[in-house]
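If you're matching positions, the sequence shown starts at 765 in this note's numbering and goes up one per residue. Note that the Cβ used here is the ideal one computed from N, Cα and C, for glycine as well. Structure record follows, encoded as structure tokens.
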Amino acid sequence: MSALLQRALTGVEARRNAPRAGGPEGMDALGGASVAAELSSHNVIFPRSQTSADSPALTPPLVFHSSPSQVLTGYLSHEYTLSYLIATLVVGAMILGAWIHKIPEGPRIAATSPATPIDRPQMPIVGRITGIAGAKWSDDPDYISPIGVGVRLGRQYKLKSGLLEITYDSGAKVILEGPCSYEIESARGGYLALGKLVARVGAGGEGRGAGEVASGQWTVDSMKDEGGRMKAESGRPNAASLATRHQPLATNPSPLSPLPSPLFTVRTPTAVVTDLGTEFGVEVDENGDTTSHVFHGSIQVRLAEVLVVSEADGDDNSTRDVILHENESVRVGSVPEMPSATTVMESVHFTLPTTPPQFVRRLREPPSLLDLLDVVSGGDGLSNRRGRGLDPTSGRRESLFIPRFRDGKRQYQPVGWHPFIDGVFVPGVDRAAVQLDSAGNTFNGFTFTSGKVFGTVWAREAEIDPELRKINDDCWMYAIGPSERFAPEGRGLLGLAPNAGITFNLEMIRRVHQDVVPNGFRAAAGIANARPYFPNAHQMADVWVFVDGRLMLKPTRLRAENTPVPVNVPIGPNDRFLTIVSTDACDGHDFDWVVFGDPALLMTPVFQNPEGMEDSTP
């Protein structure tokens, strides 16, 4: 490369030093122009800075016209152009080769390896987190898992303290109590390495109430405590026949292997607990010992396969399973034994717990109300969130009130970020049928709609937070002042200015809050007074309430002076959607500040009747 550069520069120097006719004084015009062009060209390619104040000012850049000249042709022809091109190519090739050489082989292999995590498909979602109470994670104590987030197969949950509720897609509900380590092994169970778990699966499952004797299996009723062990009354070998050396235990994830049972199953280091319907608890201590208790229904407790080793006589009738019924408990744990005078070992046996196990069966008492302000703010209806909302034209979350008019999209907008909110919509201007929910129910009776809406569907607290008032100084929701007139219960206000509608998913609410069911909607609807700020404001609006597309309430011609109006709408056990709408009432909607005070769903507790079927109190 250096030889080629030297050759190129030597050619230029030879051209400069060549004798010229007439000498310096008599330099011919063509030769002088050629040298000047060469020097000018080199000054452009390799510019030099001015170092003297007396130096002449920089001239404008040279512009070459499209017509060829003898000077330009002479300079850019022959070996000079070829030399520069060859040198450039050689330098570029060397730089590219050096760059490729410096790339380590490992990252290149890792970037294309099919085994890397980025190329692995995500595990399927088999449930969702439906409740949290004071949960602190072992890995990150400050992390708070959002309500409704998906639970994936293979996910491990390590709680340092507190409670976490998981609802499987199958309907099974699990409450974990920290300290705890639990791994999702299948769509019907998991692996509890440490801590406490309460599972509510429901009635009617296969084998529910089974108490008959099977091979190698007895009910707890046929067992009695004898020296701290379970022994069959028939005199068959007791659990000592299942002696195995105790293995060290850890809270590491278990190997992912599909659980063979179609029933809900919890594995532990020492036992396999299978639900036969309907509610039970499992506790695993630091030694791996497992205590199981039944609240309702029955379960099967079986020794873990890795611990099952029969006696030397090969007796196949040794106790490996027991069936527990309501209020019964059993412990699977290690018991010291001395098979010889010089040998001490630990064996795993069924025993009766010395003290009754204690479990947390609910994160909280069943609620009597589900707060829709909390739902609009992103909560589960029980967490008292406020100061959030959503765009009525798209359903997107909004943390600030947007004080402007927006055009509706003339179609129903599903909401994907919250399971309790089905969707939003803006009624159009042509009085055509408007879709009210994701089931396709429609209504074509809306009047005086403009296809536009002002602001955000907003949840405001009863007592105004000065910081929120400062942030939302353009928000009419905070300009209206105290809320006692519309919210006597002190929960707050839902702002729903015309023309907008929001639909709540009652079916998903039942699925998440399985201890209660909604049986009514209650609120106080009205228009907040805008005349203290706009004396000539005309305020008049309509509000509408639908259940599964059926019109349940339409107070007409609401005004600031004749509101609030009480809203009480019944909800049946099979109703799926609740829709709330506000529209203009023929005089424009610039100042129609429609609010719903203390909006809530009335909830009724669910209980199990004697036949095992779910029912609710009247």
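Taking C-alpha positions only, Ala1261 is separated from Glu1047 by approximately 52 Å.
Counting the other Cβ atoms within 10 Å of the Cβ of Arg1255 gives 16 or more, which makes it buried. If you keep only unbroken beta strand (DSSP E) runs of at least 3 residues inside the stretch 1322–1356, you get 1329–1334, 1341–1348.
Burial state of Gln1175 is exposed, judged by a 10 Å Cβ sphere holding fewer than 16 other Cβ atoms.
Contact between Val1140 and Gly1159 does not hold, since their C-beta atoms are separated by about 11 Å, which reaches or exceeds 8 Å. Sequence-distant Cβ neighbours of Asn1208 in its own chain, meaning closer than 8 Å and more than five residues away, are Arg1195, Ala1196, Ala1197, Val1198. Shortest Cα-Cα distance from Ala1324 to any of Arg1340, Asn1293, Leu1342, Asn1300 involves Asn1293.
Runs of beta strand (DSSP E) with 3 or more residues, each lying fully within the stretch 881–968, are found at 889–901, 914–916, 920–932, 937–950, 953–964, listed in chain order. For Arg1066, the enclosing beta strand (DSSP E) covers residues 1054–1067. The beta carbon of Asp1053 lies closer than 6 Å to those of Gly1097 in the same chain, with the five residues before and after it left out. Per DSSP, the beta bridge partners of Asn1269 are Phe1341. With the rule of 3 Cβ pairs closer than 8 Å, the stretch 1297–1313 counts as touching the stretch 1339–1348. Ile850 carries a helical assignment under DSSP once its states are collapsed to helix, strand and coil. Taking C-alpha positions only, Val1359 is separated from Thr1267 by approximately 16 Å. Residue range 1240–1243 is occupied by the alpha helix (DSSP H) that includes Trp1240. For the stretch 1107–1189, the continuous alpha helix (DSSP H) assignments of 4+ residues that do not extend past its boundaries occur at 1136–1140, in sequence order. Relative to the Cα of Gly1336, the nearest Cα in the group Glu929, Lys1318, Leu1365, Asn1326 belongs to Leu1365. The residues Gly1172, Gly1192, Val1193, in chain order, have a CB closer than 6 Å to that of Gly1215 in the same chain once the five nearest residues on each side in sequence are set aside. In the DSSP annotation of this structure, the continuous segment of the beta strand (DSSP E) that includes Phe1044 starts and ends at 1035–1048. If the five residues before and after Met1241 are omitted, its C-beta is found closer than 6 Å to the C-beta atoms of Trp1222, Arg1224, Gly1259, all from its own chain and listed in chain order.
The C-beta of Cys944 has 16 or more other C-beta atoms within 10 Å across all chains shown, which makes the residue buried. The three-state secondary structure of Met858, taken from DSSP, is helix. A straight line joining the alpha-carbon of Phe1218 with that of Leu1154 spans about 12 Å. A Cβ-Cβ contact shorter than 9 Å links Ile1087 with Gln1064. Sixteen is the threshold: since fewer than 16 other Cβ atoms of the shown chains lie within 10 Å of the Cβ of Pro1230, the residue is exposed. A Cβ-Cβ distance of about 32 Å is found for the pair Phe1212 and Ile1273, leaving them out of contact under the 8 Å criterion.
For Arg1150, the closest alpha carbon among the candidates Arg1275, Ala1226, Ala857 is that of Ala1226. Rounded to the nearest angstrom, the Cβ distance from Arg1125 to Thr1042 is 12 Å, too far for a contact under 8 Å. In this structure, DSSP gives Pro1369 an extended state, which the three-state scheme calls strand. Check the Cα spacing between Phe1341 and each of Arg892, Arg919, Ala1203, Cys1350: the tightest is with Ala1203.
Beta-bridge partners of Arg1286 (DSSP): Asn1332, Ala1364. Nearest to Ser1247 by C-alpha distance, out of Gly942, His1060, Pro1363, Val915, is Pro1363. In the DSSP assignment, the residues bridged to Val1217 are Arg1170. Comparing C-alpha distances from Arg1168 to each of Thr1055, Cys1239, Phe1250 shows the shortest one belongs to Cys1239.
Here the alpha carbon of Gly914 sits roughly 22 Å from the alpha carbon of Leu1027.
Buried is the label assigned to Ala1035, since at least 16 other Cβ atoms lie within 10 Å of its Cβ.
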